[in-house]
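One structure is given here, and the rest of the page talks about it.
Protein chains: 2
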Amino acid sequence: MTSSRRSAEKPATIYDVAREAGVSHQTVSRFLLGYQGIRPATRRKVEEALETLDYRTNITARNLRNGRTGMVSLAIPSLNQPYFAELAQSVIHAAREVGLTVFVETMENDKERELAVLSGTRGNLVDGVLFAPTAMSVDDLSRLKIGFPIVLLGDRIFDSGFDHVAMANSEGARAAVEHLIGLGRRRIAVVGVEPPRNLGAAHLRFTGYRDALDAAGIEFDERLALGGGGWIKDDGVHAIERLIASGTPFDAVFGFNDALALGALRGLLRAGLRVPDDVAVVGFDDTQDALYSTPTLTSVAPGREEIARIAVGLMDRRLKGQSSAGGPQEFQADFHLVARESSLG
Amino acid sequence: MTSSRRSAEKPATIYDVAREAGVSHQTVSRFLLGYQGIRPATRRKVEEALETLDYRTNITARNLRNGRTGMVSLAIPSLNQPYFAELAQSVIHAAREVGLTVFVETMENDKERELAVLSGTRGNLVDGVLFAPTAMSVDDLSRLKIGFPIVLLGDRIFDSGFDHVAMANSEGARAAVEHLIGLGRRRIAVVGVEPPRNLGAAHLRFTGYRDALDAAGIEFDERLALGGGGWIKDDGVHAIERLIASGTPFDAVFGFNDALALGALRGLLRAGLRVPDDVAVVGFDDTQDALYSTPTLTSVAPGREEIARIAVGLMDRRLKGQSSAGGPQEFQADFHLVARESSLG
DNA sequence: CTGAAAGCGCTTACAG
DNA sequence: CTGAAAGCGCTTACAG
Numbered sequence: 001m002t003s004s005r006r007s008a009e010k011p012a013t014i015y016d017v018a019r020e021a022g023v024s025h026q027t028v029s030r031f032l033l034g035y036q037g038i039r040p041a042t043r044r045k046v047e048e049a050l051e052t053l054d055y056r057t058n059i060t061a062r063n064l065r066n067g068r069t070g071m072v073s074l075a076i077p078s079l080n081q082p083y084f085a086e087l088a089q090s091v092i093h094a095a096r097e098v099g100l101t102v103f104v105e106t107m108e109n110d111k112e113r114e115l116a117v118l119s120g121t122r123g124n125l126v127d128g129v130l131f132a133p134t135a136m137s138v139d140d141l142s143r144l145k146i147g148f149p150i151v152l153l154g155d156r157i158f159d160s161g162f163d164h165v166a167m168a169n170s171e172g173a174r175a176a177v178e179h180l181i182g183l184g185r186r187r188i189a190v191v192g193v194e195p196p197r198n199l200g201a202a203h204l205r206f207t208g209y210r211d212a213l214d215a216a217g218i219e220f221d222e223r224l225a226l227g228g229g230g231w232i233k234d235d236g237v238h239a240i241e242r243l244i245a246s247g248t249p250f251d252a253v254f255g256f257n258d259a260l261a262l263g264a265l266r267g268l269l270r271a272g273l274r275v276p277d278d279v280a281v282v283g284f285d286d287t288q289d290a291l292y293s294t295p296t297l298t299s300v301a302p303g304r305e306e307i308a309r310i311a312v313g314l315m316d317r318r319l320k321g322q323s324s325a326g327g328p329q330e331f332q333a334d335f336h337l338v339a340r341e342s343s344l345g
Numbered sequence: 001m002t003s004s005r006r007s008a009e010k011p012a013t014i015y016d017v018a019r020e021a022g023v024s025h026q027t028v029s030r031f032l033l034g035y036q037g038i039r040p041a042t043r044r045k046v047e048e049a050l051e052t053l054d055y056r057t058n059i060t061a062r063n064l065r066n067g068r069t070g071m072v073s074l075a076i077p078s079l080n081q082p083y084f085a086e087l088a089q090s091v092i093h094a095a096r097e098v099g100l101t102v103f104v105e106t107m108e109n110d111k112e113r114e115l116a117v118l119s120g121t122r123g124n125l126v127d128g129v130l131f132a133p134t135a136m137s138v139d140d141l142s143r144l145k146i147g148f149p150i151v152l153l154g155d156r157i158f159d160s161g162f163d164h165v166a167m168a169n170s171e172g173a174r175a176a177v178e179h180l181i182g183l184g185r186r187r188i189a190v191v192g193v194e195p196p197r198n199l200g201a202a203h204l205r206f207t208g209y210r211d212a213l214d215a216a217g218i219e220f221d222e223r224l225a226l227g228g229g230g231w232i233k234d235d236g237v238h239a240i241e242r243l244i245a246s247g248t249p250f251d252a253v254f255g256f257n258d259a260l261a262l263g264a265l266r267g268l269l270r271a272g273l274r275v276p277d278d279v280a281v282v283g284f285d286d287t288q289d290a291l292y293s294t295p296t297l298t299s300v301a302p303g304r305e306e307i308a309r310i311a312v313g314l315m316d317r318r319l320k321g322q323s324s325a326g327g328p329q330e331f332q333a334d335f336h337l338v339a340r341e342s343s344l345g
């Protein structure tokens with residue numbers, strides 16, 4: 001057996017393996033791809049040579065030849081946001097199941113970055129994009145002509161022409177508020193309200209809130225609708241401080257995300273109110289933050305695993321061309337309410 | 001001007017651009033690479049053709065030709081762990097500064113996965129690996145022959161033969177305990193202690209704890225050293241419950257990470273103790289969780305940004321071959337203590 | 001200053 | 001059942 005001398009740095013190619021095994025490089029390639037008709041003797045020689053040379057197939061070369069990479073981008077705002085970090089982990093997991101590899105890109109709520117992601121597949125590095133925009137508008141999206149598969153993730157529901165998997169924003173919000181009503185609360189403040197300029201999460205969750213009130217025959221009091229800031233913890237703190245200062249009575253708070261709810265929780269405790277005895281609190285997203293607070297936070301779990309699984313499945317089908325005939329598909333994940341101490345005590 | 005007809009699906013190549021511009025494809029390539037000596041007229045024609053055809057360079061082809069991809073793996077346990085999610089964000093940011101792209105891989109504390117990452121560069125998909133193992137042993141690591149640059153990240157310090165950037169585990173822990181001592185605490189419990197079987201974070205942070213006690217002339221009471229579980233929140237809760245049940249007096253708790261400290265915080269509050277009045281609490285890692293608790297958690301910030309920057313810098317130099325002559329380099333990031341309500345009130 | 005040639009490491013018809 | 005050829009889209013010496 002010829003032992004080919006290679007420097008430690010240069011990885012072996014199929015040519016090296018072919019030489020070592022005494023066959024053509026095509027035969028090696030066929031073996032690697034699992035083709036059937038290969039004579040047992042040949043097969044053995046190739047196996048040995050692969051082992052000897054510690055061969056690894058060069059994915060870049062394969063990708064170039066195949067015109068696809070088996071990678072998809074997951075484009076999210078930031079890994080510093082727990083919801084998106086956890087979503088990324090779920091997507092990585094779901095993608096592994098179907099043989100796709102995930103490339104995480106962070107766009108940092110920057111419109112330019114979001115547009116950049118859609119301007120190409122990073123030079124064909126990825127085959128498609130799972131896209132969770134926060135800064136660009138619906139119009140921006142519709143205007144673009146995009147030459148590769150994308151699946152939209154997240155809050156918004158609209159007729160984008162793309163595959164889309166959304167969370168049950170209004171339904172989840174409604175369930176959260178019904179939970180509070182079921183506990184006897186009637187004066188339910190809501191934190192994170194935004195002007196209804198789009199069909200984003202804020203609007204949808206507010207709709208769910210209103211629906212729950214209406215169904216229970218509770219009149220909406222706009223003094224309990226708090227907004228004007230962002231969706232981070234401090235915004236929740238400030239909102240609740242303003243509410244307390246206003247003297248408007250309330251016995252519950254629904255935060256449009258966990259950060260707002262936790263901020264509110266903090267504001268309440270600091271003001272000497274007891275949670276949930278005086279005021280019950282519910283959030284949305286069910287991030288791990290909800291587990292770390294004292295009291296632990298009741299929250300709406302938006303079905304992160306399911307969102308990841310569906311999104312990856314849609315992408316996989318588009319990439320396989322199976323549903324290229326079909327129009328855009330829309331899915332909504334199942335949510336559930338996780339009741340914890342901030343409402344149950 | 002010839003307007004070449006292309007199907008919307010097929011991206012333009014440099015050959016298409018060359019034809020459109022009436023030059024050779026090499027000229028196009030040179031233009032794209034920013035070579036100087038190109039006649040203005042030629043330059044203009046190429047620019048126009050690029051624009052017309054909306055050309056994007058095919059990274060896969062470039063990578064194949066160049067034998068490198070400009071990507072590095074960041075191999076971490078999981079994006080579900082806030083510290084690592086935040087570290088990933090910092091690394092992505094630092095890498096962008098030096099023109100590297102980060103591919104996040106999660107190994108989920110699984111030894112097989114960790115070994116798999118080191119078994120190759122994913123078929124040359126990445127040029128090197130930033131590696132934060134948790135499951136494999138020092139011996140596993142030393143035994144491997146690795147044919148590409150790796151930079152170790154994280155807790156452990158040992159003579160691995162690889163570039164390494166660590167956090168100031170013992171110094172940070174010492175500062176945390178000195179902070180408590182400075183506030184007048186003498187009976188400082190410590191949570192997360194592990195048998196000293198390796199030089200991991202637990203051992204180092206314990207060392208820092210002991211150093212601080214020694215320096216202050218406080219005798220170590222082993223009844224205050226709590227361990228036996230993992231490093232998640234529940235372990236902190238249970239540890240503190242056992243301590244309270246034991247009747248051993250204490251006036252402070254140092255948790256080896258934020259999760260443990262927050263668990264302890266929770267256990268204390270549930271037992272009716274006041275934080276920090278009765279018991280002050282300090283954690284380690286300064287994740288966002290420390291901001292979300294009530295009271296907010298004093299914590300040691302291990303210098304995540306700096307760790308990311310140094311690690312990326314080391315990798316960058318290795319990839320450029322500048323320090324191939326030099327031996328392995330070790331760095332330790334600067335930490336600082338972030339004092340918050342759980343100790344200051 | 002620009003073109004013709006070779007080659008990165010694969011895969012896939014095409015022969016035989 | 002296996003080999004010779006072509007080509008994926010780039011970049012880089014080599015000529016001129």
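Line order of the protein sequences matches chains V and F.
Just so you know, we're using the UniProt record's numbering here: the first sequence kicks off at 1 and counts up by one.
Just so you know, we're using the UniProt record's numbering here: the second sequence kicks off at 1 and counts up by one.
Heads up, the beta-carbon is just placed ideally off N, CA and C, and yes, glycines get one too.
Please read these numbers as outputs of a predicted model, since none were measured by experiment.
{"Query": "Chain F contact for D15 of chain V (CB, 9 Å cutoff)", "Result": "In the sequence as presented, Asp is not what sits at residue 15 of chain V; that position holds Tyr. False, the Cβ-Cβ gap to chain F never drops below 9 Å."}
{"Query": "Within 9 Å, strictly: CB atoms of H336 of chain V and A308 of chain V", "Result": "no"}
{"Query": "Residue 371 of chain F at chain V interface by Cβ criterion, 9 Å", "Result": "The requested residue 371 of chain F does not occur in the structure, where chain F is confined to residues 1 to 345."}
{"Query": "Per-residue contacts from R309 of chain V into chain F (C-beta, under 8 Å)", "Result": "Chain F residues near R309 of chain V: none, gap ~16 Å exceeds 8 Å."}
{"Query": "Beta-bridge pairing of H238 of chain V - partner residues as DSSP gives them", "Result": "H238 of chain V is not bridged to any residue."}
{"Query": "Neighbour-count burial assignment, Q81 of chain V, 16 or more Cβ in a 10 Å radius", "Result": "buried"}
{"Query": "Cβ-based neighbour list, R174 of chain F, same chain, cut-off 6 Å, excluding 5 preceding and 5 following", "Result": "G208, D211 and A212"}
{"Query": "Helix, strand or coil at L314 of chain V according to DSSP, with G and I counted as helix", "Result": "helix"}
{"Query": "Delimiting residues of the alpha helix (DSSP H) encompassing Q36 of chain F", "Result": "No alpha helix (DSSP H) contains Q36 of chain F, which DSSP labels as neither H nor E."}
{"Query": "Helix, strand or coil at I232 of chain V according to DSSP, with G and I counted as helix", "Result": "coil"}
{"Query": "Within 9 Å, strictly: CB atoms of Q332 of chain V and V165 of chain V", "Result": "yes"}
{"Query": "Under 9 Å between C-beta atoms of D163 of chain V and R318 of chain V", "Result": "yes"}
{"Query": "Residues in the stretch 73-100 of chain V having any Cβ partner in chain F nearer than 7 Å", "Result": "S78, L79, N80, P82, A85, E86, A88, Q89 and I92"}
{"Query": "First and last residue of the uninterrupted alpha helix (DSSP H) at residue 346 of chain V", "Result": "What the structure shows of chain V is the stretch from 1 to 345, and residue 346 of chain V is not part of that stretch, so it cannot be assessed."}
{"Query": "Cutoff 8 Å; reference V98 of chain V; Cβ partners in own chain excluding five residues on either side", "Result": "V312, G313 and D316"}
{"Query": "Cα-Cα separation between T298 of chain F and A261 of chain F, rounded to whole angstroms", "Result": "9 Å"}
{"Query": "Residue 349 of chain V: first and last residue of the uninterrupted beta strand (DSSP E) it sits in", "Result": "The first residue shown for chain V is 1 and the last is 345, placing residue 349 of chain V beyond what the model contains."}
{"Query": "Distance CB(V129 of chain V)-CB(L115 of chain V) smaller than 9 Å", "Result": "no"}
{"Query": "Beta-carbon neighbours of G123 of chain F, restricted to chain V and to distances below 7 Å", "Result": "R56, T57, N58 and I59"}
{"Query": "With 16 other Cβ atoms within 10 Å as the buried cut-off, status of K10 of chain F", "Result": "exposed"}
{"Query": "Neighbourhood of V28 of chain F by C-beta distance below 6 Å, restricted to the same chain and skipping five residues each side", "Result": "I14, V17, A18 and V46"}
{"Query": "N169 of chain F beta carbon near the ligand COA (any heavy atom closer than 8 Å)", "Result": "Among the components of this structure there are no ligands whatsoever, and the ligand COA is therefore not found."}
{"Query": "Under 7 Å by beta carbon: chain V residues contacting K320 of chain F", "Result": "In chain order: nothing, as chain V lies at least about 15 Å away."}
{"Query": "Beta carbon proximity, N63 of chain F to chain V, threshold 9 Å", "Result": "yes"}
{"Query": "Same chain only: Cβ atoms within 7 Å of H25 of chain F, ignoring 5 sequence neighbours per side", "Result": "I14, Y15 and A18"}
{"Query": "Proximity of L64 of chain F and L64 of chain V at Cβ, strictly below 9 Å", "Result": "yes"}
{"Query": "Span separating the alpha-carbon of F103 of chain F from that of F103 of chain V", "Result": "6 Å"}
{"Query": "Inter-residue Cα distance where the pair is A280 of chain V and I181 of chain V", "Result": "10 Å"}
{"Query": "Alpha carbon of E171 of chain V to alpha carbon of R205 of chain V, nearest angstrom", "Result": "8 Å"}
{"Query": "Residues, ordered as in the chain, of the stretch 217-233 of chain F that lie near chain V by beta-carbon distance below 7 Å", "Result": "K233"}
{"Query": "Chain-ordered residues of the stretch 235-264 of chain F with a beta carbon less than 9 Å from chain V", "Result": "D258, A259, L262 and G263"}
{"Query": "Partners in chain F for S293 of chain V, counting only beta-carbon separations shorter than 8 Å", "Result": "Y292, S293 and T294"}
{"Query": "Cα-Cα separation between R304 of chain V and G34 of chain V, rounded to whole angstroms", "Result": "36 Å"}
{"Query": "For E194 of chain V, the three-state DSSP class (helix, strand or coil)", "Result": "coil"}
{"Query": "C-beta atoms of R185 of chain F and D251 of chain F nearer than 9 Å", "Result": "yes"}
{"Query": "Rounded separation between R274 of chain F and T69 of chain F - CA only", "Result": "55 Å"}
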